[in-house]
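Take the sequence shown: its position 757, counted from the start at 1, is 781 in the working numbering, and no numbers get skipped. Every residue gets a Cβ at the ideal spot worked out from N, C-alpha and C, and that includes glycine.
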Amino acid sequence: MRIFKALMLMLFFVHGVFAQERSITGTVYDEDRKPMPGVTVKVKGASQQTSTDENGYYTIPVSTGSDVLVFTSIGYVVQEQALQGKNSVMVTMQVDAAGLDEVVVIGYGAVKRKDLTGAVASVDAKTITAAPVSSALEAIQGRVAGLNINTTEGSPDAELTVRVRGGGSITQDNSPLYIVDGFPVSSIADIAPQDIESIDILKDASSTAIYGARGANGVILVTTKGGKSGKTAISFNVFTGSRNLANKLDVLSPLDYVTWQYEHSLLANKPENYTQYFGNYQDIDLYADVEPNDWQEIIFGRTGNTYNQNLNLSGGGEKTRFSVSHSFVKDRAIMQMSDFQRHNANFKLNHKLYDGLTLDIGARYSDTQVNGGGMNEQNEVSSADSRLKYAMLYPPFPVAGLTTTTETDDDFNLYSPIVAISDNDQYYRRKTVNLNAALSYQVLPNLRLRSEFGYDNYRNDQDRFYGATTYYVRNVPAGDHQGKPGLILTNTNRNGWRNTNTATYTLDGMMGEDHKLNVMVGQEYLFTENQVLTNAIHNFPESFLFDDARKLTTQGIPSSVNNYFDPDDKLLSFFGRANYDFKGKYLLSATFRADGSSKFSPENRWGYFPSVSGAWRLSDEEFLLDAKNWLTDLKLRASYGSAGNNRIPSGLLVQELVNSTTHWVNGYSNYWAASKIMANPDLKWETTVTRNIGLDFTLWNGRLSGTIDAYLNKTKDLLIKFPTSGTGYDYQFRNLGDTENRGIELSLNGAVVRKTNFDLSLNANIAFNRNKVLSLGSLENYIESSGWASSAINSDYIAIEGQAIGRMYGYKSDGRYEVSDFKGYDAEANQWILKEGVVNAKDEIGLIRPGSMKLRDLDGDGIITEADREFIGNANPLHTGGFSITSRIYNFDLAAYFTWSYGNDIYNANKIEYTSTSQYNSRNMIGEVASGSRWTNLRPDGTISNDPAELEAMNANTTMWSPYTRSFTFTDWAVEDGSFLRLSTATIGYTFPESITSKLKMQNLRIYASGYNLFLLTDYSGFDPEVSTRRKTQLTPGVDYSAYPKSRSFVFGLNVNF
25 MRIFKALMLM LFFVHGVFAQ ERSITGTVYD EDRKPMPGVT VKVKGASQQT STDENGYYTI
85 PVSTGSDVLV FTSIGYVVQE QALQGKNSVM VTMQVDAAGL DEVVVIGYGA VKRKDLTGAV
145 ASVDAKTITA APVSSALEAI QGRVAGLNIN TTEGSPDAEL TVRVRGGGSI TQDNSPLYIV
205 DGFPVSSIAD IAPQDIESID ILKDASSTAI YGARGANGVI LVTTKGGKSG KTAISFNVFT
265 GSRNLANKLD VLSPLDYVTW QYEHSLLANK PENYTQYFGN YQDIDLYADV EPNDWQEIIF
325 GRTGNTYNQN LNLSGGGEKT RFSVSHSFVK DRAIMQMSDF QRHNANFKLN HKLYDGLTLD
385 IGARYSDTQV NGGGMNEQNE VSSADSRLKY AMLYPPFPVA GLTTTTETDD DFNLYSPIVA
445 ISDNDQYYRR KTVNLNAALS YQVLPNLRLR SEFGYDNYRN DQDRFYGATT YYVRNVPAGD
505 HQGKPGLILT NTNRNGWRNT NTATYTLDGM MGEDHKLNVM VGQEYLFTEN QVLTNAIHNF
565 PESFLFDDAR KLTTQGIPSS VNNYFDPDDK LLSFFGRANY DFKGKYLLSA TFRADGSSKF
625 SPENRWGYFP SVSGAWRLSD EEFLLDAKNW LTDLKLRASY GSAGNNRIPS GLLVQELVNS
685 TTHWVNGYSN YWAASKIMAN PDLKWETTVT RNIGLDFTLW NGRLSGTIDA YLNKTKDLLI
745 KFPTSGTGYD YQFRNLGDTE NRGIELSLNG AVVRKTNFDL SLNANIAFNR NKVLSLGSLE
805 NYIESSGWAS SAINSDYIAI EGQAIGRMYG YKSDGRYEVS DFKGYDAEAN QWILKEGVVN
865 AKDEIGLIRP GSMKLRDLDG DGIITEADRE FIGNANPLHT GGFSITSRIY NFDLAAYFTW
925 SYGNDIYNAN KIEYTSTSQY NSRNMIGEVA SGSRWTNLRP DGTISNDPAE LEAMNANTTM
985 WSPYTRSFTF TDWAVEDGSF LRLSTATIGY TFPESITSKL KMQNLRIYAS GYNLFLLTDY
1045 SGFDPEVSTR RKTQLTPGVD YSAYPKSRSF VFGLNVNF
């Protein structure tokens, strides 16, 4: 009886379970009521999932009558349908139209993408986090047409140069304005990519004029993630991996190195230089068996590692939404003795105080720390530090008496690469705090008031140690202190305050259903103060390293204490915008901004920046209605406007006295002296006027979409550094000259395949930009020196009317001098006699003999002088761009992102130094001058030949000139094509199905593997064509000298959502 009751109870229970499970059927249609196959149907929060068949029909089991069905298909808006006891659910999917209803952030507001009248590009969170990088700018590199982002070097905290449509200034910064959650910041390098909701790039004046004084070079708007109503969501993302040196250059082998040392010693008539260190020439073959030291591998070849994690909590209810996150990045760099780490915290809160009144609060904190040697000296007078230089030039094996000492030897200028790193050591810490608060009050249904308050603090502490190998110690301090270690401690503290008040009035339907008008007016005040404290201590004991100097500062001699406040930077602004929409077909927008800047005198203080733009939605016109089945959207845009630039230091109106000079009196810097910048009370605004015409299109319900833009930007009244030689000042800022940028941009997005378990998308963009100097006013030209070789090479860049900024200026190479160029050799005078009519380049290269570099005589006078220099290179690319391939195959996702640059030249300064011994004969060189490739005077028996016939026979198969020179010379031989195609990121990931994640109480679980800098196609002979190491001015781009080499990394990651 008990068994019977138990069986009956079990049957009853099973019946109850099955009674709860039932099947739901239905059909899914598109907007034309046609059945849609391949639509994914799943039960929300459960594992049940199916797809519609070719007739749009589906069947799916559910557990309860209160379940919710979710319908998804690429290119369509996600639909959710509550069952509410129903057994059948019919759904009509709505076209997403490639994000036409996506909200785009613009200045002091937002609009739907379909209503844009200006040139604005957007990158969403999914794209930003697709690449496993720690910088948001790296994440969007190559993703936006007209946005050119270059990683200047390979160090973990390397500077990225960012240009929107080229930039118009000659001597001043061309970086765009960065706005994060409404607050202007100097950089977005300290914002974690995982915290960003979207990045919007404003490219034309109709979009940027609302920012007036700061919008001339484009505006990048960053919106960080905020909370959403619903259950608290937890997101955790982490990736870790390794990085290694991506490329190395060939250097001379021990045998080649010693062979050249021997030949050089004989050519210089100093054979003792060879025998002192290398022995007898008869034993030279012994060096063929010497194992070389791979200094590139020793210095930059360690396996670095990277770790990046981000934790985010978000949620809220009807009145309050919040988001809080923390990110941590730690990099062990590929160079010895260096590492990098950063902490980020982000908090956002939105709270409805009561009906119509909303409070928004935001806070961000960033703490970046860089430790270790090899800090770039780009802010010094001369070359970047010697971290790479000596890794290339140091002898390839230990040489007694030459490489066994760390002391400076000016005769050879040789330093151990390891010593060179420790001699240029640093501790660098950067902290930023951003606080924002805003009150919004909906006074009337169509009137909204908003007041924003912000505070920004930037603190930079930098301890720099300079040892004997650094340019600074050897050249900058007073004579008695030169050659002895020095320590410079610098603290920068900057505070900024912002208050913005806006009123937005909307007239929708008040003038009829077809008319919409939105008007916004506002006022803004920005105030920035900056303090710098610098302590310089010199003359430490020669044995001191960085830690010794920091701990025992009293062992050095204080040279100066420089403590100064920059004059306050104040900006008062009034602005407004009106947007008019007629039937959604005809759109008109106008903006105006007035800026008053404390950087200018009262007579020139105010700048006025208007703009107007319009758009015509052709796809809604009757003559295109028949194309609606394939033409989803077609919009023509045009704009005209102006934006300003006041990026000059404060305090230029009257002559300042400063104590941060390097004028030395009795071993000490002057405490007070006149600034090196001559005052100019007549300065006024630099203004950029832009014209833009564009076309936006979407075809086949989002299968293909894109944008085409053509623009012309002219910048006038350039704020330029005017040379003032002979006055005692370095320069004076003046309004002088005009420049132009014109170009075309194209972006395409294609959803190639849309299937239930497979989709494939392709995206590409390309941008053409041409810049030109229209006028330099009273200047005939503007000549700039890159400075990599100190005074050995001067004036290697030039700006001239009608030419582009970034033009390289030097000599044309004409190969090398051959024996046939000479009458013969005068043994008594130890010199070769040139034939009549052969160009004489002695004054430039310092030595004329067969095998010497030969230069082209442009003016025909037979002698090479500075008058024979001309334009030999252009750092500006013909076009830049990127493309990506993304795919999903069942639960696997694949992505590959490529970037390219085409037609730009690189100034390979490394190649000049690495193929010339100049006055330093003991240095190693690169393989380009190996035996058999370079000119040689050395006979097999170890004697020097000066016999013309014999030399001609010995060098019949060589192509390179002799490295035996007395000076560096900049020729077009050192200018190389910098074009490249890079596979910047490739990723494969797997998302676990809901049947697994639901058991683990997870909403989503994804694992992935990524590679960065995996492939590079280029003809450039240096380490990497994406390089620019002379960044003190806009006039010297594209120089490759002693750059930190780039690495290749592989990471594994995990994304979890709860």
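### Query
Are S955 and N961 closer than 8 Å when you measure CB to CB?
Between S955 and N961, the C-beta gap is not smaller than 8 Å, which leaves the two residues out of contact.
### Query
According to the Cβ coordinates, are N765 and G190 closer than 8 Å?
Contact: yes.
### Query
Exposed or buried, which one is F589 when buried takes at least 16 other CB atoms within 10 Å?
Flag for F589 reads exposed.
### Task
Please classify W521: does DSSP put it in a helix, a strand, or coil?
Residue state, collapsed to three classes: strand.
### Query
Hey, Y921 and V157 are a contact pair by Cβ (cut 8 Å); roughly how many whole angstroms apart?
The beta-carbon separation of Y921 and V157, rounded to 11 Å, does not stay under the 8 Å limit for a contact.
### Query
With DSSP run on the structure shown, which of helix, strand or coil describes W812?
Of the three classes helix, strand and coil, the one that applies to W812 here is coil, per DSSP.
### Message
Assuming F746 is part of the beta strand (DSSP E), what are its boundary residues?
### Response
Element bounds for F746: 743–747.
### Query
Based on Cα-Cα distance, which residue from G254, G325, A312 lies nearest to R267?
Distances from the CA of R267 to each of G254, G325, A312 were compared; the closest alpha carbon is that of G325.
### Query
Is the beta carbon of G767 less than 8 Å from the beta carbon of A791?
Result yes, Cβ atoms of G767 and A791 sit closer than 8 Å.
#### Entry: Chain-order list of residues whose beta-carbon lies under 7 Å from that of G951 (same chain, five-residue window excluded)
For G951, the CB contacts under 7 Å within the same chain, skipping 5 residues up- and downstream, are D274, V275, L276 in chain order.
### Query
Name the DSSP bridge partner or partners of G665?
In DSSP, G665 forms a bridge with S635, T714.
#### Entry: Length of the line joining the Cα atoms of G1013 and T995
G1013 and T995: Cα-Cα distance of roughly 49 Å.
### Message
Let me make sure I understand the geometry here. Which of N172, A160, L723 has the alpha-carbon closest to that of G242?
### Response
Selected option, being the one with the closest Cα: N172.
### Message
To the nearest angstrom, how far is the alpha carbon of T939 from that of R1055?
### Response
Spanning the two alpha carbons is a distance of roughly 24 Å.
### Query
For the alpha helix (DSSP H) that contains M1084, what are its first and last residues?
One cannot answer for residue 1084 here, as it falls past the ends of the chain, which runs 25 to 1082.
### Query
Could you give the distance in angstroms between the alpha-carbon of D1064 and the alpha-carbon of N317?
So the two alpha carbons sit approximately 24 Å from each other.
### Message
Since L882 and D867 should fall inside the 8 Å C-beta cutoff, what is the C-beta to C-beta distance between them, to a whole number of angstroms?
### Response
With a Cβ gap of about 15 Å, L882 and D867 do not count as contacting.
### Message
Tell me the residue span of the alpha helix (DSSP H) that contains W319.
### Response
That run of the alpha helix (DSSP H) goes 319–324.
#### Entry: Residue of N854, F489, L1059, Y298 minimising C-alpha distance to R898
According to the sequence shown, residue 898 is Asn rather than Arg. For the set N854, F489, L1059, Y298, the Cα lying nearest the Cα of N898 is the one of L1059.
### Query
Of the choices G638, F721, Y664, D838, whose alpha-carbon is the least far from that of A651?
Residue F721 is the option with its Cα nearest to A651.
### Task
Pick helix, strand or coil for N403, following the three-state DSSP scheme.
Confidence in N403 is poor, its pLDDT being 39 and thus under 50, which makes the residue's placement too unreliable to answer from.
### Task
Output the distance between the C-alpha atoms of E890 and S810, rounded to the nearest integer angstrom.
The straight-line gap from Cα to Cα measures roughly 17 Å.
### M832 (DSSP reduced to helix, strand or coil)
Assigned with DSSP and collapsed to three states, M832 falls in strand.
### Query
In terms of residues, what are the limits of the alpha helix (DSSP H) holding H288?
278–291 is the extent of the alpha helix (DSSP H) around H288.
### Task
Name the residue from S815, I48, G478 whose alpha carbon lies nearest to the alpha carbon of L93.
Here the closest residue by C-alpha is I48.
### Message
Using 8 Å as the threshold, is the C-beta distance between N864 and I829 below it?
### Response
Taking the C-beta atoms as reference points, I829 is found no nearer than 8 Å to N864.
### Query
Where do the N-terminal and C-terminal ends of the alpha helix (DSSP H) with M416 fall, by residue?
For M416, the uninterrupted alpha helix (DSSP H) run begins and ends at 413–417, by DSSP.
### C-beta contact flag for D355 and T330 at 8 Å
T330 sits close to D355, with the two beta carbons spaced by under 8 Å.
### Query
P419 and Y281 look like a contact to me (Cβ under 8 Å); what is the Cβ gap, rounded to whole Å?
For P419 against Y281, the beta-carbon gap comes to about 7 Å, under 8 Å, which counts as contact.
### Message
Looking at D214: is its Cβ nearer than 8 Å to the Cβ of T248?
### Response
At the C-beta level, D214 and T248 stay beyond 8 Å of one another.
### Query
Which one of Y1044, N587, L658 has the shortest CA to CA distance from D139?
Nearest C-alpha to D139: L658.
### Message
Judging by CA-CA distance, which residue of V457, I936, Y202, M702 is the nearest neighbour of L161?
### Response
Measuring from the Cα of L161, the nearest candidate turns out to be Y202.
### Query
In terms of residue numbering, what span does the beta strand (DSSP E) encompassing Q73 cover?
Going by DSSP, Q73 is part of the beta strand (DSSP E) stretching over 73–75.
### Beta-carbon contacts of A1033 that lie in its chain and below 8 Å, excluding the five residues immediately before and after
Apart from the 5 residues on each side of it in sequence, A1033 sits with its Cβ closer than 8 Å to the Cβ of T1011, I1012, G1013, F1074, V1075, F1076, G1077 in its chain, given in chain order.
### Query
For the region 194–274, which segments carrying the beta strand (DSSP E) assignment without a break, of at least 3 residues, lie completely within its bounds, in sequence order?
Listed in chain order, the complete beta strand (DSSP E) runs (minimum 3 residues) inside the region 194–274 are 201–204, 207–209, 220–226, 243–248, 254–269.
### Query
Three or more beta-carbon pairs under 8 Å between the region 792–807 and the region 816–825, yes or no?
Touching, yes.
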